[in-house]
Amino acid sequence: MIRVNENYLKLKASYLFSDIAKRVSEFEKKNPDKEIIRLGIGDVTLPLPPACIVAFHKAVDDMASEKTFRGYGPEQGYDFLREKIAEFDYRSRGTTISADEIFVSDGAKCDTGNIQELFADEIVIAVPDPVYPVYVDTNVMAGRTGENRDDRYQGLVYLDSTESNGFVPDLPGEKVDLIYLCFPNNPTGAIATKEDLAKWVRYARDNRALILYDAAYESFIRDDSIPRTIYEIDGADEVALEFRSFSKTAGFTGTRCAFTVVPKKCRVYTEKGEEVPLHQLWLRRQTTKFNGVSYPVQRAAEAVYSDEGRKQVRELGDYYLENAANIRNGMSTIGFSCSGGVNSPYIWINGGRDSWAFFDMLLEKACVVCTPGSGFGKCGQGYVRISAFNSHENVERALDRIAKAIK
Ligand code: PLP
757 MIRVNENYLK LKASYLFSDI AKRVSEFEKK NPDKEIIRLG IGDVTLPLPP ACIVAFHKAV
817 DDMASEKTFR GYGPEQGYDF LREKIAEFDY RSRGTTISAD EIFVSDGAKC DTGNIQELFA
877 DEIVIAVPDP VYPVYVDTNV MAGRTGENRD DRYQGLVYLD STESNGFVPD LPGEKVDLIY
937 LCFPNNPTGA IATKEDLAKW VRYARDNRAL ILYDAAYESF IRDDSIPRTI YEIDGADEVA
997 LEFRSFSKTA GFTGTRCAFT VVPKKCRVYT EKGEEVPLHQ LWLRRQTTKF NGVSYPVQRA
1057 AEAVYSDEGR KQVRELGDYY LENAANIRNG MSTIGFSCSG GVNSPYIWIN GGRDSWAFFD
1117 MLLEKACVVC TPGSGFGKCG QGYVRISAFN SHENVERALD RIAKAIK
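Residue numbering for the sequence shown follows the working numbering, beginning at 757 and increasing consecutively.
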């Protein structure tokens, strides 16, 4: 008898975004003449930067000639891309991360989901609440939690991110081994200062814990006093991995390219307390289970770091940040308490009622789709997330409609 991995049966019945899609499609069926503006799911709307397109085309041409054709590439990524990442994302910020500590992949979702394979079953895991669901669900699938009761999985330590701590969680009251952090945060849009991150790095060092730092939205940081990478904190390279993505940075959500930094100094421990370098384990995992990212895609990603590419990527981010500022201002003006939306593409809005009730109201009265905060965890109840990934025109129209609906 082929038996199921029963951990999958513990997963909450449906995925947030399929619930949203269902409600939106029912609304569309009932109201075929109404035009919906989507500010829900965090997908980008602008095309790839022109520098990436040129490099992409050229790399496709390379594949047409025997001299320049590439077959299987290195699973960790081509050196041409890893070198650029190390130079522009890390050395330029005064950190010592080197190219061979960078693992190019097809997504921060896959990497943040797969990394848990390297850790023992019995570890204590801390996740933020609200949370990017991948951190939780992949640990549920792996059997590191009990059942879901009252919207929380037994066995996980939840780090409440609320208005009272500015959506930057406090250190846990109990000892944890693995800590997921995400800044700029999805869904709250919160930012961590150097002091905030230093506190977590100190905790991890004191407790031989590991931080999984998801910096998928790093490119939206404009304030230079905010750390762009956790490695700006002294000692973080011994206790933290960092996940980055070209998805939101450069419009690669459909093209697929990301990377994970696994510093050589990072250690995990056997039951007896012997040290094992994490870099070696991730290399082993990736070379066994992953084929690498296609050559043309890595060339397109490399172009992000060219002179024109850097300028175009910045403009891309600025475009969405202008939306974010307008959404935050617009929603505040009509009386909602908002956070995020500065150095971040997400605005976290206290709707003053049940998250789904607010979602339904916006859909029915304004034909605007947002994301109910409760879908990201218990602490998200009462909030909705509005995303800045849309055109200026649509954001303006959406805000106009919401203002009218609220009156
Ligand atoms: N991490 C966070 C916090 C995200 O919000 C997302 C995408 O929405 C990802 C990772 C996934 O990024 P990628 O497209 O590289 O898989």
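Note that CB positions come from ideal geometry on N, CA and C, so glycine has one too.
Enclosing alpha helix (DSSP H) for residue i [first to last residue]
i, result
"Asp-1063", "1063-1089"
"Ile-1162", "1148-1162"
"Cys-866", "864-870"
"Ile-986", "Segment: none, Ile-986 is in no alpha helix (DSSP H) and carries neither H nor E."
"Glu-1058", "1051-1058"
"Tyr-891", "889-897"
Assigned secondary structure, residue i (DSSP; H/G/I helix, E/B strand, else coil)
i, result
"Pro-806", "helix"
"Leu-1119", "helix"
"Phe-859", "strand"
"Pro-1128", "strand"
"Leu-934", "strand"
"Leu-927", "coil"
"Tyr-834", "coil"
"Val-845", "A quick correction: the sequence has Asp, not Val, at residue 845. Here Asp-845 sits in helix by DSSP."
"Ser-975", "helix"
"Phe-1114", "helix"
"Thr-1044", "helix"
"Lys-1028", "coil"
"Ala-948", "coil"
"Glu-839", "helix"
"Asn-761", "coil"
"Asp-962", "helix"
"Glu-878", "coil"
"Ser-854", "coil"
"Gly-1136", "helix"
Strand pairing of residue i, partner residues [DSSP]
i, result
"Asn-904", "Tyr-909"
"Trp-1104", "Ser-1095, Arg-1141"
"Ser-1001", "Ala-1014"
"Pro-1033", "Arg-1023"
"Pro-884", "Leu-915"
"Val-957", "None, per the DSSP bridge assignment."
"Phe-939", "Partner(s): none; Phe-939 has no beta bridge."
"Ala-996", "Ile-967"
Presumed contact (8 Å Cβ cut-off) between residue i and residue j, rounded CB distance
i, j, result
"Ala-815", "Tyr-1051", "6 Å"
"Ala-1057", "Phe-1114", "About 38 Å separates the two Cβ atoms, so there is no contact after all."
"Ala-1006", "Pro-805", "6 Å"
"Val-1125", "Val-780", "6 Å"
"Ala-1154", "Leu-795", "6 Å"
"Lys-1045", "Glu-857", "Not quite, the Cβ-Cβ distance comes to about 19 Å (not below 8 Å), so this is no contact."
"Phe-1015", "Phe-859", "6 Å"
"Asp-885", "Ser-917", "6 Å"
"Ser-1100", "Ala-1080", "7 Å"
"Tyr-909", "Gly-899", "No, Tyr-909 and Gly-899 are not in contact; Cβ-Cβ is about 11 Å, not under 8 Å."
Run of the beta strand (DSSP E) containing residue i, from where it starts to where it stops
i, result
"Asp-970", "966-970"
Cβ-heavy atom distance, residue i to ligand 2, below 8 Å
i, result
"Asp-970", "Ligands in the displayed structure: ligand 1; ligand 2 is not one of them."
Any alpha helix (DSSP H) of 4 or more consecutive residues that is wholly inside the segment 764-827: Within the segment 764-827, the runs of alpha helix (DSSP H) that reach at least 4 residues and sit entirely inside it are, in chain order, 772-786, 806-818.
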